[in-house]
DNA sequence: ATGACTGCGGCGT
DNA sequence: ACGCCGCAGTCAT
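In my numbering, the protein residues as written are 1 to 118.
As structure tokens, this is what we get:
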């Protein structure tokens, strides 16, 4: 059963479609963030050209291709961790593993770790 | 078509 | 610190 709502989403998958889905834009940009760096929902939104910060988070959550797309490198703009499909603790684990310093559910070296899309 | 709820932010208080 | 509202997308009604 296809709803009106899902139709626009599917339109992005069929051939001949010129527009890139919101989600794809997020993933494409995110793939630029290197190991040991983090970006924010806001920064992603800014780079895309939207103010829909929440939609960015949803895109991350829906994806689940955690290997190819490093969703764990996206945190809140105030340095707090934010959410993760597999749980925040798992997210922190991954970040620490990459050299990000996390303390009390916050990135303590946020300014240095922050990756900007210029 | 409408309303509720998001891995959020900004602004006012 | 708290509450409100805006934003884009998804889901249920």
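We treat Cβ as the ideally placed atom computed from N, Cα and C, and that holds for glycine.
What residue range is occupied by the uninterrupted alpha helix (DSSP H) comprising residue i?
i	result
residue 112	110-113
residue 26	22-30
residue 121	With the chain covering 1 to 118 only, the question about residue 121 has no answer from this structure.
residue 78	Segment: none, residue 78 is in no alpha helix (DSSP H) and carries neither H nor E.
Can the beta-carbon of residue i be found less than 8 Å from the beta-carbon of residue j?
i	j	result
residue 75	residue 50	no
residue 45	residue 38	no
residue 23	residue 73	no
residue 48	residue 65	no
residue 110	residue 79	yes
On a CA-only basis, which of the options is nearest residue i? Give me that one, please.
i	options	result
residue 118	22, 71, 94 and 33	33
residue 94	115, 114 and 70	70
residue 114	65, 61, 22 and 42	42
residue 88	59, 102 and 20	102
Going by DSSP, which residues form a beta bridge with residue i?
i	result
residue 103	106
residue 50	Paired residue(s): none; residue 50 is not in a bridge.
residue 74	39
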